[in-house]
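Mapping the sequence shown onto my numbering, position 72 (from 1) lands on 215, and the numbers just tick up by one.
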Amino acid sequence: SGAKGSSPEGQIKTQADIEALQTEIKEAERDYAEEKKKYKQLISNQENKVKDLSLQLERLNLELKQKDQESRVNALKINELKRQLRLNATKPAQDQILVKGTKTIAKDPRIMMNV
């Protein structure tokens, strides 16, 4: 009892046991290599998706800036047109010339009114 030469339960006893363990190790290494390859491919695919989405985001941000700029320009144009409408609402009366009390002829030929 307790001697170095005695073999405890579960210790490898034969050459067949050694070969079986070596086969298991090789299979485990092969499985590990396959899993590693599979996950590397998944990571690569995800990195490609991230790059594509990043480029799409940049493009959309650029489009957003352009649309925002167009919107600002259009808002300025609308404000200018409103200002011109307010000015022109009072201006035609000042530009009109009465002729014989029947017709109004404006300095601007587009404005013709009957009095």
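Here a beta-carbon is modelled for each residue, glycine too, at the ideal position from N, C-alpha and C. These figures come from a predicted structure and were not determined experimentally.
Coarse secondary structure for residue i, derived from DSSP in three states
i	result
K220	helix
K169	helix
T233	helix
K156	coil
Own chain, CB closer than 7 Å to residue i, minus 5 neighbours either side, in chain order
i	result
A163	none
Cut-off 8 Å between Cβ atoms - residues of its own chain near residue i, not counting five sequence neighbours on either side
i	result
A159	none
T157	none
Test: residue i CB closer than 8 Å to a CB of chain B
i	result
N204	Included in the structure is just one protein chain, with no chain B present.
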